[in-house]
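Chains as they are written, first to last, in the working numbering: chain A, 1 to 258; chain B, 1001 to 1258.
Just so it is clear, CB atoms sit at the ideal spot from N, CA and C, and this is done for glycine as well.
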């Protein structure tokens, strides 16, 4: 075969110049052919947002042996869709988001642009993984995560993932990693979510901020516990969000019109 | 009690001036005290996106007996968070997104700004419902949906929703409704997602478009089948996206570093 290495599509929500995605490239370079299609600037908190009111465009910024990098004007999901529709030319063996600067465990999965990429890949039937480090700093140290990134990608390429499932992998911000734990999504909530400031001429404006309240800090099977206890947290995630139990319960409700 | 009517927070992703949210107000006016906090313009496809790079602000645009309307510079989820943090002053009895101009069944739940509002409400422990009509037109006829909207809201206020669950309600674009079906999320995929155009001076640009491919057109328990067959589709939805079956399976994987 002319092309025996797997093809991996990489993207992120911090932009193609962020340290995290460049560390991801470093981790996987040589193991696979890498195509990066990432936003041209920060898109943190983009979730699965798509751009429909304006068109999107992309541009090649780098091409080397085994690596091509494109920047794109859209959201992380736009990047992923456009890569598959237009740029790649063949179906990738895996889609990877990250490495994100910041925690995507627990409820953060819903707001995460990194996980938007992964959910998009999963909806397209492609094994997909999001990697995130619990450190928002632009110069965060990712070095200790890279051997785990490589091993998790290799093991997932080998085993595959069941249709409709993907992986949300979070690293605690410590070099003293105790290993990997397979987790469920922690139940918790963001509180005190805005800081109010006064505009010099008119009214208030609000910065999104807040603190995370863990509803189950002692749940050893939950991803937040794993991170708090120095484990790499792998949270298997699904795209069918049906509440099946509630379906049964609701069959006795009254929907007849008066 | 001075205040015996329930308090409902309404938002949408089409903007506070859209017909859909004004029809929603019409449906619920008098049944409850309504506070609208909606984007100041269209935010279709915003998913659960949040705004963190810039601050957000809001402004009151209307106040009448039982109805206050605010417009907000942020995403649908920003509107929902800001309403709960700053505007409402008490916990709403329900959060409602819509009525959306366009279908949010099947995989669209992931891209939907309407369902972003609902997921945010659900994460905050508040019964939440998204309503959508399978018609994108800005002047779509919502009139036949309004009695169902009212009945579904009343029945949900009466019964409540289990913690961590919410409702995704879609209406087919027909006056000949056959009733309500409780459904699961249909498995399907968007294909041919971009139309390429040429810029007069440089390169291509891409409009998001595409067609939906239903993987299970004959599944009578799926939301897309209900819509295709003139039923109101209620899809109970959950915010815990853990793939529990895969958790077990992955415990035999090898994550030891070489």
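Query, Result
"Please classify residue 1176 of chain B: does DSSP put it in a helix, a strand, or coil?", "coil"
"Return yes when the Cβ of residue 18 of chain A is within less than 7 Å of the Cβ of residue 113 of chain A, no when it is not.", "no"
"Is it the case that the region 118-134 of chain A contacts the region 169-178 of chain A, given that we only count it when at least three CB pairs across the two stretches are under 8 Å?", "yes"
"List the residues of chain B that residue 132 of chain A touches, going by C-beta distances under 8 Å, in chain order.", "Those within 8 Å of residue 132 of chain A in chain B number zero; the least Cβ separation is about 15 Å."
"Got a sec? Which residues, its chain only, sit under 8 Å from residue 312 of chain A by beta carbon, not counting five neighbours each side?", "Since the first residue shown for chain A is 1 and the last is 258, residue 312 of chain A is missing from the structure and cannot be characterised."
"From residue 210 of chain A to residue 138 of chain A, what does the alpha carbon distance come to, in whole angstroms?", "20 Å"
"Interface residues of chain B around residue 162 of chain A at Cβ under 9 Å?", "1243, 1245, 1246, 1249"
"Return the residue from the list A:150, A:144, A:149 that minimises the CA-CA distance to residue 175 of chain A.", "A:144"
"If we call anything under 7 Å between Cβ atoms a contact, is residue 1024 of chain B one with residue 1098 of chain B?", "yes"
"Is residue 1057 of chain B helix, strand or coil when you go by DSSP?", "coil"
"Taking a contact to mean a Cβ-Cβ separation below 7 Å, would you say residue 1076 of chain B touches residue 257 of chain A in this structure?", "no"
"Please tell me whether residue 1057 of chain B has its Cβ less than 7 Å away from any Cβ of chain A.", "yes"
"Measuring CB to CB, does residue 1136 of chain B end up less than 7 Å from residue 1186 of chain B?", "no"
"Residue ranges of each beta strand (DSSP E) run of no fewer than 3 residues wholly in the region 126-164 of chain A, ordered along the chain?", "128-133"
"According to DSSP, which residues form a beta bridge with residue 1033 of chain B?", "B:1007"
"Applying the 10 Å Cβ sphere with the 16-neighbour rule, what's the burial state of residue 191 of chain A?", "exposed"
"If the cut is a Cβ gap below 9 Å, which residues of chain A does residue 1095 of chain B touch?", "Per Cβ cutoff of 9 Å: no residues; residue 1095 of chain B is ~14 Å from chain A at best."
"Determine the DSSP secondary structure at residue 1205 of chain B, reduced to helix, strand or coil.", "strand"
"Rounding to the nearest angstrom, what Cα-Cα distance links residue 1001 of chain B and residue 1090 of chain B in this structure?", "Low confidence applies to residue 1001 of chain B: its pLDDT is 45, below 50, so where it sits in the model is not reliable enough to give any reading."
"Between residue 1207 of chain B and the rest of its own chain, which residues show a CB-CB distance below 6 Å, the 5 nearest in sequence each way excluded?", "1195"
"When you measure from the CB of residue 58 of chain A to every non-hydrogen atom of the ligand GDP, does any distance come out below 6 Å?", "Summarising the ligand content, the structure contains no ligands, and the ligand GDP is consequently not present."
"Going straight from the alpha carbon of residue 36 of chain A to that of residue 84 of chain A, what length do you get?", "12 Å"
"If you follow the beta strand (DSSP E) that residue 1067 of chain B is part of, which residue opens it and which one closes it?", "1067-1072"
"Taking residue 1185 of chain B as the query, report the chain A residues whose CB atoms sit under 8 Å from its CB, ordered along the chain.", "240, 241, 242"
"Can you look up residue 1170 of chain B in the DSSP assignment and give me helix, strand or coil?", "strand"
"Give me the subset of the region 1032-1048 of chain B whose CB atoms are less than 7 Å from a CB atom of chain A, sorted by chain position.", "1042, 1044, 1045, 1046, 1047, 1048"
"Residue 1233 of chain B by DSSP, collapsed to three states: which one?", "strand"
"Candidates B:1202, B:1238, B:1243: which alpha carbon is nearest residue 244 of chain A's?", "B:1238"
"Counting only the same chain and skipping the five closest in sequence on each side, list residues whose C-beta sits under 6 Å from that of residue 161 of chain A.", "127"
"Is the beta carbon of residue 111 of chain A less than 7 Å from the beta carbon of residue 1095 of chain B?", "no"
"Using CA atoms only, rank isn't needed, just tell me which of B:1059, B:1021, B:1216 is closest to residue 1008 of chain B.", "B:1021"
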